[in-house]
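Colleague: Have a look at this one.
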Amino acid sequence: MSVRSHITAVPQAPAAEPGLSERDAAILEFEKSWWAADATKSSEIRERFGMSTTAYHQILNALLDDPAALAAQPLLVKRLRRLREQRQRARSASRLAQHG
Numbered sequence: 004m005s006v007r008s009h010i011t012a013v014p015q016a017p018a019a020e021p022g023l024s025e026r027d028a029a030i031l032e033f034e035k036s037w038w039a040a041d042a043t044k045s046s047e048i049r050e051r052f053g054m055s056t057t058a059y060h061q062i063l064n065a066l067l068d069d070p071a072a073l074a075a076q077p078l079l080v081k082r083l084r085r086l087r088e089q090r091q092r093a094r095s096a097s098r099l100a101q102h103g
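Counting from 4, one number per residue, gives the positions in the sequence shown under the numbering used here.
Right under this line is the structure:
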């Protein structure tokens, strides 16, 4: 009996998409299902990624403009871009109403 027969396979972390770092791929995966977590999104961000929500959202916003992210997760990236654009339009309309 060989020694190799007793070695169990160690699960590997999912490979990052081509052009994306492991962190960036993990952020995109998190965005697909953060709402199902037991904790708040901000506490999940701190626990999983070790960063503030501000830093996380800065990275996420940059990812939304990254062609590699679009290639890796097209539906997610397009949905998040739409939401970002809606928020930007709402902020612009609010500013115009205050100064108009």
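Beta carbons: idealized from backbone N, C-alpha and C, even for Gly.
Hey, quick one: how far does the alpha helix (DSSP H) through aspartate 27 stretch, first residue to last?
Modeller: Within the sequence shown, numbered from 1, the residue matching residue 27 stands at position 24. Start and end: 25 to 36.
Colleague: Can you tell me which of Ser45, Ala72 and Ser55 puts its alpha carbon nearest to the alpha carbon of leucine 31?
Modeller: Within the sequence shown, numbered from 1, the residue matching residue 31 stands at position 28. Residue Ala72 is the option with its Cα nearest to leucine 31.
Colleague: Using C-beta distances below 8 angstroms, list every residue in its chain close to glutamate 47, excluding the 5 sequence neighbours before and after it, in chain order.
Modeller: Position 44 of the sequence shown, counted from the start, is the residue given in the question as residue 47. Cβ neighbours of glutamate 47 beyond the five flanking positions: Phe33, Trp37 and Ala40.
Colleague: Need the endpoints of the alpha helix (DSSP H) that alanine 97 sits in, please.
Modeller: For this step, residue 97 is matched to residue 94 along the sequence shown. In the sequence as presented, alanine is not what sits at residue 97; that position holds serine. Here the alpha helix (DSSP H) through serine 97 covers 77 to 102.
Colleague: Could you tell me the distance, in whole angstroms, from the CA atom of arginine 51 to the CA atom of threonine 57?
Modeller: Numbered from its first residue, the sequence shown carries residue 51 at position 48. Numbered from its first residue, the sequence shown carries residue 57 at position 54. Going from the Cα of arginine 51 to the Cα of threonine 57 covers about 15 angstroms.
Colleague: Do leucine 67 and arginine 94 have their CB atoms nearer than 8 angstroms?
Modeller: Numbered from its first residue, the sequence shown carries residue 67 at position 64. Numbered from its first residue, the sequence shown carries residue 94 at position 91. In this structure, arginine 94 does not lie closer than 8 angstroms to leucine 67 by Cβ.
Colleague: In whole angstroms, give me the CA-to-CA distance for serine 97 and leucine 83.
Modeller: For the purposes of this step, residue 97 is taken as the residue at position 94 of the sequence shown. For the purposes of this step, residue 83 is taken as the residue at position 80 of the sequence shown. Cα-Cα distance, rounded: 21 angstroms.
Colleague: Pull up the CB-CB distance for alanine 75 and alanine 28, whole angstroms please, since I reckon it's below 8 angstroms.
Modeller: By 1-based counting over the sequence shown, the position of residue 75 is 72. By 1-based counting over the sequence shown, the position of residue 28 is 25. Between alanine 28 and alanine 75 the Cβ distance is about 7 angstroms, and since that is below 8 angstroms, they are a contact.
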